[in-house]
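> My questions will all concern the structure given below.
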Amino acid sequence: KQEVTQIPAALSVPEGENLVLNCSFTDSAIYNLQWFRQDPGKGLTSLLLIQSSQREQTSGRLNASLDKSSGRSTLYIAASQPGDSATYLCAAPNQAGTALIFGKGTTLSVSS
Amino acid sequence: ETGVTQSPTHLIKTRGQQVTLRCSSQSGHNTVSWYQQALGQGPQFIFQYYREEENGRGNFPPRFSGLQFPNYSSELNVNALELDDSALYLCASSKSGTGGINEQFFGPGTRLTVL
């Protein structure tokens, strides 16, 4: 059964810092992993999708890596800005490939 | 390209009532999944619909049911509402030839409050 864990649960940083959010998953037989952003009370915005054949995926200041052997993914945010303040969720497919299993998220606060 | 839309935005019901939530999938997508997100938690998978049939279900009781229509839009129905059903309900659509998980795109959600 796939389980996803994210640490830390919350993170506060000053503007301009580079930071890393961590995600671990128990079932390494995944074919992709997805990172999302969620603003308070809103839906999820897809940030990055990493296929199992890839080790990294980049979009602007965001870089996500995937290491299936260790069951870990990281989301790297460069030069953080106050507009980056949100909850970041990672999600991996379940064994049947019919659903995404989510972590509880990391709530990021970037102060100016 | 039209994104995923959901209606209504907010809903208040009382315990024991029934509710129907609606979702229109993104253009070109044929698979719809529903998730429940309680406050402070990650979304929990309810079920997925592909080709108008349920294609997977999470740990939710039968009073949670759904439909998918020929235009790939979908409904989530919840009967006999309980206080714990209060949550943000998220719909996600994806494009798949087999119904498996590809990149999912989420709607803005429906906030359900049960009193």
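Chains as they are written, first to last, in the working numbering: chain A, 4 to 115; chain B, 717 to 831. Ideal Cβ placement from N, Cα and C applies to all residues, glycine included. Owing to the predicted nature of the structure, the values given are computational and were not obtained by experimental measurement.
Run through chain B and tell me which residues come within less than 9 Å of Gly-108 (chain A), C-beta to C-beta.
Gly-756, Gln-757 and Gly-758, listed in chain order.
> Taking Val-748 (chain B) as part of the beta strand (DSSP E), name the residues at either end of that continuous run.
747 to 753
> Going along chain B in order, which residues have a C-beta closer than 8 Å to the C-beta of Ala-102 (chain A)?
Within chain B, the residues near Ala-102 (chain A) are Ser-749, Phe-761, Gln-764, Gly-772, Gly-774 and Ile-817.
> Listing by chain order, which chain B residues have their CB less than 8 Å from the CB of Gln-37 (chain A)?
From the beta-carbon of Gln-37 (chain A), the residues of chain B found nearer than 8 Å are Glu-819 and Gln-820.
> Does the beta-carbon of Asn-793 (chain B) have 16 or more other beta-carbons within 10 angstroms, so that it is buried, or is it exposed?
When all chains shown are included, Asn-793 (chain B) counts as exposed.
> Name the residue from A:Leu-24, A:Gln-5, A:Glu-6 and A:Lys-4 whose alpha carbon lies nearest to the alpha carbon of Ser-88 (chain A).
Distances from the alpha-carbon of Ser-88 (chain A) to those of A:Leu-24, A:Gln-5, A:Glu-6 and A:Lys-4 put A:Leu-24 closest.
> Which chain A residues sit within Cβ distance under 7 Å of Leu-792 (chain B)?
Chain A residues near Leu-792 (chain B): none, gap ~15 Å exceeds 7 Å.
> Take Ala-796 (chain B) and list the residues in its own chain whose beta-carbon comes closer than 7 Å to its own, dropping the five residues that flank it on each side.
Gly-732 and Arg-779
> For chain B, is any of its Cβ atoms less than 9 Å away from the one on Thr-48 (chain A)?
yes
> Please return the same chain residues whose Cβ sits closer than 6 Å to the Cβ of Ser-740 (chain B), not counting the five positions on each side in sequence.
Thr-721 and Ser-789
> Does the CB of Gln-722 (chain B) have a neighbour CB from chain A at under 9 Å?
yes
> Given a cut-off of 9 Å, decide if Tyr-79 (chain A) and Ser-68 (chain A) are closer than it, judged by their beta-carbon atoms.
yes
> Provide the residue(s) that pair with Tyr-765 (chain B) in DSSP beta bridges, ordered along the chain.
B:Val-748 and B:Glu-770
> What are the boundary residues of the beta strand (DSSP E) that includes Ala-82 (chain A)?
Where Ala-82 (chain A) is concerned, there is no enclosing beta strand (DSSP E), given that its DSSP letter is neither H nor E.
> Could you tell me which of B:Gln-760, B:Leu-804 and B:Glu-768 sits nearest to Leu-737 (chain B), measuring between CA atoms?
B:Leu-804
> According to DSSP, simplified to helix, strand and coil, what is Asp-70 (chain A)?
The answer is strand: DSSP assigns Asp-70 (chain A) an E or B state.
> Using a cut-off of 9 Å between C-beta atoms, extract the partners of Lys-4 (chain A) located in chain B.
Result: empty, since nearest Cβ-Cβ is about 11 Å, beyond 9 Å.
> Along chain A, in chain order, which residues have C-beta atoms closer than 8 Å to that of Leu-806 (chain B)?
Gly-46 and Leu-47
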